[in-house]
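Residue numbers (UniProt numbering): 1 to 323.
Idealized CB from N, CA, C, for every residue including glycine.
Predicted model, so just to flag it, every value in this text is computed and none were measured.
Everything below concerns the one structure shown next.
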Amino acid sequence: MPIVAALWTQKVKRWSDFLVFSASRTVFHHNNDAVFQLLRSCFTATLGMSSTTSVCSCGGIASLLGHGFGSHCSGGLSPVAPGILYLRIFRCIKDCSILAEDILRLLMLSVKDIAETTVSRHRSDKVRKTKYVMRHGQVSLSSAMTQVKVAASLGATLVWLSGGTALVQSLFQEMLPSWFLSVQDLGRGGAASGGTVYKLGGHALAYLAVYAGMFAWRIDPTPVSRRRERVMWSHFEFLASALDGKISLGCDLSLWRAYVSGFLGLVVECTPCWAHEVDLRVLRRLSAGLRQWKEDELAVALLRRAGPEAMAAAAELIIGGDW
1 MPIVAALWTQ KVKRWSDFLV FSASRTVFHH NNDAVFQLLR SCFTATLGMS STTSVCSCGG
61 IASLLGHGFG SHCSGGLSPV APGILYLRIF RCIKDCSILA EDILRLLMLS VKDIAETTVS
121 RHRSDKVRKT KYVMRHGQVS LSSAMTQVKV AASLGATLVW LSGGTALVQS LFQEMLPSWF
181 LSVQDLGRGG AASGGTVYKL GGHALAYLAV YAGMFAWRID PTPVSRRRER VMWSHFEFLA
241 SALDGKISLG CDLSLWRAYV SGFLGLVVEC TPCWAHEVDL RVLRRLSAGL RQWKEDELAV
301 ALLRRAGPEA MAAAAELIIG GDW
């Protein structure tokens, strides 16, 4: 009997924990700010940038997803990992477009935090022009880029998980263009160098776009739907028009340059079939813009990915370039 009583006590306690956990989800169904704070917790937990809670101290997938929920703490319910909580509530979120905008905003805030905590803390050491200090600065920037990739992969996962292909399409055709057209002040109010923040932000957006596109439409040479071709043509056309000067941008130019170079570089290396589906005239305009930035190798590589019909354009670019 004592064993049976102990088992029943444990079972009742777990049911109580489950009911408390289920009731706690109700606030996310009616409060958008609560959802935003939960998303923020997902980013801080994954990046390990919060020192206030033990859940976020280490970072990585373990901090994001934890070990489920249950009474592992004496006297009450143990903290639930933010990723687990989000997996239980995201289907009830009604407006996914606002959700994607929040994810984009949190990604940029995370980039700003990364720049301030990883790069700026070494700025005082740059007074000494030694080889060791310069190498140390390069290592810190590399570490920052690693964290930027992690943040971008989390953002892309959240976008894809929350809204599927439709939300990814909206990201390419509406949210990213609107973000580049508006004025974004990432360098204000922090210790990080504005140029560093904007460059890291551009690369973060590039990784976000490529990861989300991979989740939605994969990287197969034969697209699963015609939607990928339409979306990529639209996004590449926007990039080309901005490089041509037909569209006036509101964002910082270093962020824009980092995004274009990063996005097209990832397309060339990871998803060449996307470039193959874009009209050759658009690719030639992009290559011309890259050449103005002295990105000759990337310009030629982009044309090479377009297939045999682009060889003449690539040859013209090589002949006309300063190699």
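Straight-line Cα distance separating residue j from residue i
i	j	result
Leu302	Met214	18 Å
His203	Arg88	31 Å
Pro82	Asp113	19 Å
Ala226	Tyr211	In the sequence as displayed, the identity of residue 226 is Arg instead of Ala. Whole-angstrom Cα-Cα distance: 19 Å.
Arg135	Leu141	Residue confidence for Arg135 is low, a pLDDT of 46 falling below 50, so the modelled location carries little weight and cannot support an answer.
Thr53	Ala45	With a pLDDT of 41 at Thr53, under the threshold of 50, the modelled position of this residue cannot be trusted, and the question is left open.
Leu317	Val300	7 Å
Trp197	Gly48	Here residue 197 is Val; the residue named in the question, Trp, does not match the sequence. If I take the Cα positions, the gap works out to 19 Å.
Pro272	Arg305	6 Å
Leu253	Pro177	14 Å
Ala275	Leu107	26 Å
Val27	Ala34	7 Å
Phe90	Val267	30 Å
Same chain, Cβ closer than 6 Å to residue i, five either side skipped, listed in chain order
i	result
His29	Cys92
Gly289	Leu243
Ser41	Pro82
Val282	Phe236, Glu237 and Ala240
Helix, strand or coil at residue i according to DSSP, with G and I counted as helix
i	result
Gly59	coil
Gly155	helix
Gly48	coil
Gly66	strand
Asp220	coil
Ile114	helix
Val183	coil
Lys149	helix
Ala81	coil
residue 324	The structure shown does not extend to residue 324, since the chain is modelled only from 1 through 323, so no value can be given for it.
Ile93	coil
Ser162	helix
7 Å Cβ cutoff, residue i in contact with chain B
i	result
Glu174	The displayed structure is made up of one protein chain only, and chain B is not part of it.
Whole-Å CB distance - residue i paired with residue j, under 8 Å assumed
i	j	result
Phe236	Leu286	7 Å
Ala166	Leu200	29 Å between Cβ atoms; not a contact.
Glu277	Glu229	5 Å
Gly163	Cys96	4 Å
Proximal residues to residue i (C-beta, below 7 Å), its chain only, five neighbours per side dropped
i	result
Ile103	Leu39, Gly155, Leu158 and Val159
Val265	Rather than Val, the amino acid found at residue 265 in this sequence is Gly. For Gly265, where only same-chain residues beyond five positions count, the Cβ hits under 7 Å are Leu298.
Leu65	Ala81, Gly83 and Ile84
- Message: Quick check for students: name the residue ranges of the alpha helix (DSSP H) that lie wholly in the region 236-312, counting only runs of 4 or more.
- Response: 253-270, 272-276, 280-292 and 296-304, all fully within the region 236-312.
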